[in-house]
Amino acid sequence: MRRPTARTNQSAPSDHAPPFNASAARRLRAALGMGPEHVAYGMRVSYGLPYVTPDLVIAWERGITAPSSPELTALAGVLWCSPGELIGRPRTLREHRVARGLAPEDVARAVGHDLPAYLRMEENDAWRGTERQSAALADLLELSLPDFVTVTGRETKLAELLHSAVTTRWQAYVRPVGKIVPLEKRLLESVLQQLHENYQGQMAATLSWGGGGRDAGDAGREFLDRIVDHFWTTAAEHGAGGSSG
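In this text, residue positions in the sequence shown follow the UniProt record's numbering: the first is 1, and each later residue adds one.
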């Protein structure tokens with residue numbers, strides 16, 4: 001693993017913290033035979049973060065607080081790992097960028113956005129880009145198809161369409177879902193049909209057990225609350241690939 005280049009003269013950052021994997025940081029430090037004081041020293045000297053103390057490193061490792069994006073990059077450098085090894089599953093555009101160890105200007109330049117516009121997208125968690133720019137983003141951040149749909153802000157609309165598909169006539173939603181998720185039509189038909197059958201079958205079975213409308217409603221709401229997860233799981237079972245390209 002190539003060690004990231006040291007950055008100097010950074011003050012205490014204020015941007016949003018990515019989902020930090022505290023146990024991974026502790027495990028990686030121990031594997032290198034380093035103490036918290038060694039980590040803090042490296043971040044102060046090599047990355048220009050004078051406020052980092054052993055107590056702060058310990059707080060990160062105990063999950064009491066989490067490092068910001070610049071702190072995470074510096075910590076990864078000291079621990080000789082990639083930033084992605086120190087975070088949980090990224091969800092937002094910012095988190096995916098941090099996981100890849102990229103600066104905002106790197107992403108903005110690669111996708112063809114000016115930096116202020118790109119930073120606003122990260123801040124508002126709202127991607128705005130053409131199909132070409134979206135494809136460039138997916139390639140640069142190595143996004144899976146589910147992550148691509150989430151990062152580009154299409155997950156909410158997908159959930160709405162899937163909700164309607166399983167509660168009404170699924171056939172009417174093949175094309176709308178296909179505009180959001182670029183999967184082959186026959187695959188989408190199979191997935192939507194199975195989701196519809198699973199939902200309707202679950203509702204019918206719950207009612208037949210004599211649980212009444214309340215239990216059936218609870219079961220249905222639980223299924224619908226996780227409809228996007230059910231969609232991706234079912235798509236994978238039917239052979240859909242994970243790449244967004």
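Note that the Cβ used here is the ideal one computed from N, Cα and C, for glycine as well.
Roughly how many whole angstroms lie between the Cα atoms of residue i and residue j?
{"i": "T156", "j": "A135", "result": "20 Å"}
{"i": "S82", "j": "G112", "result": "25 Å"}
{"i": "W127", "j": "Q194", "result": "31 Å"}
{"i": "R29", "j": "V57", "result": "10 Å"}
{"i": "G213", "j": "V166", "result": "Residue placement at G213 is poorly supported in this model, since its pLDDT is 48, which falls under 50; the coordinates are not used for a value here."}
{"i": "W232", "j": "G35", "result": "42 Å"}
{"i": "V191", "j": "S164", "result": "14 Å"}
{"i": "W99", "j": "P90", "result": "The sequence given here has Ala at residue 99, not Trp. Computed Cα separation, rounded: 7 Å."}
{"i": "R3", "j": "L32", "result": "Reliability fails at R3, whose pLDDT of 43 lies under 50, so the model's placement of it is uncertain and no value is given."}
{"i": "residue 246", "j": "G48", "result": "A question about residue 246 goes unanswered here, because the residues of the chain that appear run from 1 up to 245."}
{"i": "P54", "j": "S68", "result": "16 Å"}
{"i": "E61", "j": "A110", "result": "34 Å"}
{"i": "L79", "j": "R169", "result": "53 Å"}
{"i": "E37", "j": "S144", "result": "38 Å"}
{"i": "A219", "j": "A236", "result": "23 Å"}
{"i": "D106", "j": "I64", "result": "31 Å"}
{"i": "R7", "j": "V45", "result": "In this predicted model, R7 has a pLDDT of only 39, less than 50, meaning its place in the structure is not dependable enough to derive any value."}
{"i": "E84", "j": "A204", "result": "A quick correction: the sequence has Gly, not Glu, at residue 84. Each residue's Cα considered, the two are about 44 Å apart."}
{"i": "R27", "j": "A59", "result": "14 Å"}
{"i": "L187", "j": "N198", "result": "16 Å"}
{"i": "A66", "j": "H230", "result": "31 Å"}
Using a Cβ-Cβ cutoff of less than 7 Å, which residues in the same chain neighbour residue i once the five nearest sequence positions on both sides are dropped?
{"i": "V149", "result": "E155, L158, I180 and V181"}
{"i": "L86", "result": "F20, N21, A24, A25, L72, L75 and A76"}
{"i": "Q171", "result": "none"}
{"i": "V228", "result": "E155, L158, A159 and L162"}
{"i": "P146", "result": "W232"}
{"i": "D225", "result": "none"}
{"i": "H152", "result": "It is Thr, not His, that sits at residue 152 in the sequence shown. Correct list, in chain order: W127 and S134."}
{"i": "E189", "result": "V174"}
{"i": "T234", "result": "V191, Q194 and L195"}
Given a cut-off of 8 Å, decide if residue j and residue i are closer than it, judged by their beta-carbon atoms.
{"i": "T114", "j": "T92", "result": "Reading off the sequence, residue 114 comes out as Asp, not Thr. Cβ atoms of D114 and T92: not closer than 8 Å."}
{"i": "K185", "j": "V174", "result": "yes"}
{"i": "Q202", "j": "F223", "result": "yes"}
{"i": "R94", "j": "E122", "result": "yes"}
At a cut-off of 7 Å, would you count residue i as near the ligand ZN, judging by its Cβ distance to the nearest heavy atom?
{"i": "P146", "result": "Of the ligands one can find in the structure shown there are none, so the ligand ZN has no counterpart to examine."}
Since I believe residue j is in contact with residue i (beta carbons under 8 Å), could you give me their beta-carbon distance rounded to a whole number of angstroms?
{"i": "A103", "j": "Y118", "result": "The pair is not a contact, with the Cβ atoms about 11 Å apart (cut-off 8 Å)."}
{"i": "G129", "j": "L140", "result": "That belief does not hold up - the Cβ atoms of G129 and L140 are roughly 12 Å apart, past 8 Å."}
To which residues of the same chain is residue i closer than 6 Å at the C-beta, ignoring the five residues directly before and after it?
{"i": "W88", "result": "It is worth fixing the name first, because residue 88 is Gly in this sequence and not Trp. So the list reads P19 and N21, once near-sequence residues are dropped."}
{"i": "A40", "result": "V52, T53, P54 and V57"}
{"i": "M43", "result": "L49, V52, A74 and V78"}
Could you name the residues of the same chain whose beta carbon sits closer than 8 Å to that of residue i, not counting the 5 residues immediately before and after it, in chain order?
{"i": "N142", "result": "The sequence given here has Glu at residue 142, not Asn. For E142, where only same-chain residues beyond five positions count, the Cβ hits under 8 Å are R100."}
{"i": "H96", "result": "P90, L141, L143, D147 and V151"}
Can you check the segment 123-208 for any alpha helix (DSSP H) of at least 4 residues that lies completely inside it and give the ranges in chain order? 131-141, 145-151, 155-167, 174-180 and 185-208
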